[in-house]
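Student: First the structure, then my questions, so here it is.
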Amino acid sequence: MADSFSLLPPALLIFAFCVTFIGGFVKGAVGFAMPLIMISGMGILIEPQLVVACIVLPILLGNGLQVLRSGLAPARQAIRDHWRYISLVCIMILISAQFLTSIPTNGMFVVLGVPVVGLCAVQLAGWRPSISASWRRPFEWMAGTLSGILGGLAGTWGPPTVLYLLALDTPRDRQMSIQGVIYGLGSVMLLLGHLKSGVLNGQTWPLSAAMVVPAMLGMWLGFKLGDRFDQDKFRRATLWVLIIAGLNLIRRGLMG
Numbered sequence: 059m060a061d062s063f064s065l066l067p068p069a070l071l072i073f074a075f076c077v078t079f080i081g082g083f084v085k086g087a088v089g090f091a092m093p094l095i096m097i098s099g100m101g102i103l104i105e106p107q108l109v110v111a112c113i114v115l116p117i118l119l120g121n122g123l124q125v126l127r128s129g130l131a132p133a134r135q136a137i138r139d140h141w142r143y144i145s146l147v148c149i150m151i152l153i154s155a156q157f158l159t160s161i162p163t164n165g166m167f168v169v170l171g172v173p174v175v176g177l178c179a180v181q182l183a184g185w186r187p188s189i190s191a192s193w194r195r196p197f198e199w200m201a202g203t204l205s206g207i208l209g210g211l212a213g214t215w216g217p218p219t220v221l222y223l224l225a226l227d228t229p230r231d232r233q234m235s236i237q238g239v240i241y242g243l244g245s246v247m248l249l250l251g252h253l254k255s256g257v258l259n260g261q262t263w264p265l266s267a268a269m270v271v272p273a274m275l276g277m278w279l280g281f282k283l284g285d286r287f288d289q290d291k292f293r294r295a296t297l298w299v300l301i302i303a304g305l306n307l308i309r310r311g312l313m314g
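When you read off a place in the sequence shown, starting at 1, and then add 58, the result is the number in our numbering.
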């Protein structure tokens, strides 16, 4: 256990805890962005593969909490309605996670930064795809594959899932419960995928487990305070911060 924490000096460990707490707070307040914040924030100072290892268990526990808050009956209905998309996300997370260790460090910064910037920019632009009933099944295949690849490599499949549900004109009251199921099951696959890839191992899993504490504290505070401020303004401000951090990751990847 002590060897695990030697992977990060005390100052970097405190930094990682703070970033994770912020990510948990935002997720509790607005329901998204914990992995994006952890990747773009921790990636400023911490080696990319270690960042991915650190996010696995907080994401798993955080998404499990989101499923429980939404209720089990809506969760079962979400699985029945979206089983194709969910299956593809899970399969592709397992597959793409195995390629993470073969990506050079500089390339890894780009792999993490590009999805952060692109997905946040799409949400800020307010783009909302529209899919007719006849195109739903092909769209499910494409969207599920893309989301799963991003999930395995960068640990984030939330924003593509939001766009997928918007394209299907999913009612807002159902969207949160469906997202919870997709995020929750995907998190299990992320755990299994990185146990297999070796990213989550005897040295890194204690660090990931330690990040659960600030993540859960942040989510608890986010649940408590989320209704006290303008949700849309807070969401947009979060996305802008993520874009800046994502651009910095890309810069590091391209310039070394």
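Heads up, the beta-carbon is just placed ideally off N, CA and C, and yes, glycines get one too.
How many angstroms separate the CA atom of Leu307 from the CA atom of Val168?
Tutor: Between Leu307 and Val168, the C-alpha separation is close to 6 Å.
Student: State buried or exposed for Leu66, treating a residue as buried only when at least 16 other CB atoms are found within 10 Å of its CB.
Tutor: So Leu66 counts as buried.
Student: Give, in chain order, every unbroken run of the alpha helix (DSSP H) that is at least 4 residues long and sits entirely within the segment 121 to 196.
Tutor: Counting whole runs of 4 or more residues, the segment 121 to 196 contains the alpha helix (DSSP H) stretches 130 to 139, 141 to 155 and 163 to 183.
Student: Contact between the segment 76 to 86 and the segment 157 to 171 is defined here as three or more beta-carbon pairs at a separation below 8 Å; is this criterion met?
Tutor: No, the segment 76 to 86 does not touch the segment 157 to 171.
Student: Relative to the C-alpha of Pro217, which candidate in Gly311, Cys178 and Gln124 has its C-alpha closest?
Tutor: It is Cys178 whose Cα lies nearest to the Cα of Pro217.
Student: Who are the Cβ neighbours of Pro106 in its own chain at under 7 Å, not counting the five residues just before and after it?
Tutor: Same-chain partners within the cutoff: Thr163, Met166, Phe167 and Leu170.
Student: Just the C-alpha distance for Val147 and Gly206, rounded to the nearest angstrom, thanks.
Tutor: Whole-angstrom Cα-Cα distance: 4 Å.
Student: Is the CB-CB distance between Arg232 and Ala295 below 9 Å?
Tutor: It is not a contact, given that the beta carbons lie outside the stated cut-off.
Student: Which whole-angstrom value is the C-beta distance of Met92 and Ala273, which I expect to be below 8 Å?
Tutor: Their Cβ separation, rounded to whole angstroms, is 7 Å, which keeps Met92 and Ala273 in contact under 8 Å.
Student: Quick one, which of Ile102, Ala183, Ile72 and Leu70 has its alpha-carbon nearest Arg309's?
Tutor: The shortest Cα separation from Arg309 among Ile102, Ala183, Ile72 and Leu70 belongs to Ile102.
Student: Have a look at Val257 and Ser154 and give me their C-alpha separation to the nearest angstrom.
Tutor: The alpha-carbon atoms of Val257 and Ser154 are separated by roughly 13 Å.
Student: Among the candidates Thr219, Asp285 and Trp263, whose CA atom is the shortest distance from the CA of Thr203?
Tutor: When each option's Cα is compared against that of Thr203, the closest is Thr219.
Student: Classify Phe90 as buried or exposed, calling it buried when 16 or more other Cβ atoms lie within 10 Å of its own Cβ.
Tutor: Phe90 is buried by the Cβ-count criterion.
Student: List the whole-angstrom C-beta distance separating Leu265 from Val175, where the pair is believed to meet the contact cut-off of C-beta under 8 Å.
Tutor: Going by Cβ atoms, the distance from Leu265 to Val175 rounds to 26 Å, so no, they are not a contact pair.
Student: Can you tell which of Leu249, Ala268, Asp288 and Ser255 has the C-alpha that lies nearest to the C-alpha of Asn121?
Tutor: Closest option to Asn121, Cα to Cα, is Leu249.
Student: Could you check which residue in Gly184, Phe287, Ser64 and Leu71 has the C-alpha nearest to that of Leu224?
Tutor: Of the candidates Gly184, Phe287, Ser64 and Leu71, the one whose C-alpha sits nearest the C-alpha of Leu224 is Gly184.
Student: Keeping to the same chain, check which residues put their C-beta closer than 6 Å to that of Ser245; ignore five residues upstream and five downstream.
Tutor: If we look at Ser245 and ignore the five residues flanking it on each side, its Cβ neighbours are Ile117, Leu118 and Asn121.
Student: Can you tell me which of the three DSSP states Pro91 falls into?
Tutor: For the sequence presented, residue 91 should be read as Ala rather than Pro. Reduced to three states, the DSSP call for Ala91 is coil.
Student: State yes or no: is the C-beta of Pro80 within less than 9 Å of the C-beta of Gly284?
Tutor: Looking at the sequence itself, residue 80 is Ile, so the reference to Pro does not match. Their beta carbons are not under 9 Å apart, which means Ile80 does not touch Gly284 by this criterion.
Student: For Leu71, does the three-state DSSP call read helix, strand or coil?
Tutor: Note: Leu71 maps to helix in three-state DSSP.
Student: Compute the beta-carbon to beta-carbon distance between Ala74 and Met100, rounded to the nearest angstrom, for a pair I have assumed lies under 8 Å.
Tutor: Right, the Cβ-Cβ distance comes to about 5 Å (below 8 Å), so this counts as a contact.
Student: Taking Cβ to Cβ, would you say Trp199 is nearer than 9 Å to Leu208?
Tutor: No, they are not a contact pair.
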